[in-house]
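Numbered by mature numbering (1 follows the signal peptide of the UniProt record, and there is no 0), the letters in the sequence shown go through residues -25 to -1, 1 to 184 in order. Beta carbons are placed, not taken as given, at the ideal position from N, Cα and C, and that holds for glycine. These figures come from a predicted structure and were not determined experimentally.
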Amino acid sequence: MNHKRSLVRRTAAVAAAGAAALVLAACGGNGDSSAGHDGHTSKSPSASASASQGQHNAADVAFAKGMIPHHRQAVEMADLAPSRAESAEVKKLAEDIKKAQDPEIKTLSGWLTSWGEEVPTEGAMDHSAHGADGGMMTPEEMDQLKNSSGKAFDTAFMEMMIKHHEGAVAMAKTEQADGAYAPAKKMAGAIITSQTAEITQMNKLLGKN
């Protein structure tokens, strides 16, 4: 029994000494390098974030906050096409619009969240945010679109979407001119390219050029 007790005591003493050594080492380590270590950790995440993403400004925030409800409305309009459109071209166009704009809504929302900004709520359609050239449809225009079908829907959809796209292109051009956040400026460029091409396509389908 005595042998066992002394073994237990010795083990406990070794464990205690080990623990004390660890605590001392930890304290010593912190004491020795606290300035350099803490300084490094506080600087490196923000520095790496700046390097990989770049700084954003008020124009970038306005672009994201304006484009989210704008895109949501375009997707809402596109969702009407499969059951109402007569033209295969209009159905395909609506599908392309949804495919392009759904992921952009998620990306724009992610940027706002990472910047500590509010993401516009679903259903928020702040027409004033887009100015006179925002191209947003009024509730009456959306009702007109929902209540039409066949060729009448095709014509209304394209005429409204041209106006809508023109608003988005104007917003994207403002972002390219005034924004500072490289990914947002890149998205603005993609919006200008794709939506300008779709405006041309819709004008052709409408027989306007």
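Inter-residue distance for Ala60 and Asp118 is about 15 Å (C-alpha atoms, whole angstroms). In this structure, Gly154 lies near Asp35, with their beta-carbon atoms less than 8 Å apart. Between the stretch 147 to 164 and the stretch 36 to 55, the count of Cβ pairs shorter than 8 Å is three or higher; the stretches touch. If you draw a 10 Å sphere on the C-beta of Gln30, you find fewer than 16 other C-beta atoms in it, and that means exposed. Nearest to Met135 by C-alpha distance, out of Trp86, Ala33, Ala56, is Ala56.
In this structure Pro114 is exposed. Its beta-carbon is surrounded by fewer than 16 other beta-carbon atoms within 10 angstroms. Between the alpha carbons of Met133 and Met111 lies a distance of about 14 Å.
For Lys73, the number of other beta carbons within 10 angstroms of its own is at least 16, and it is reported as buried. DSSP places Gly41 in the uninterrupted alpha helix (DSSP H) bounded by 33 to 59.
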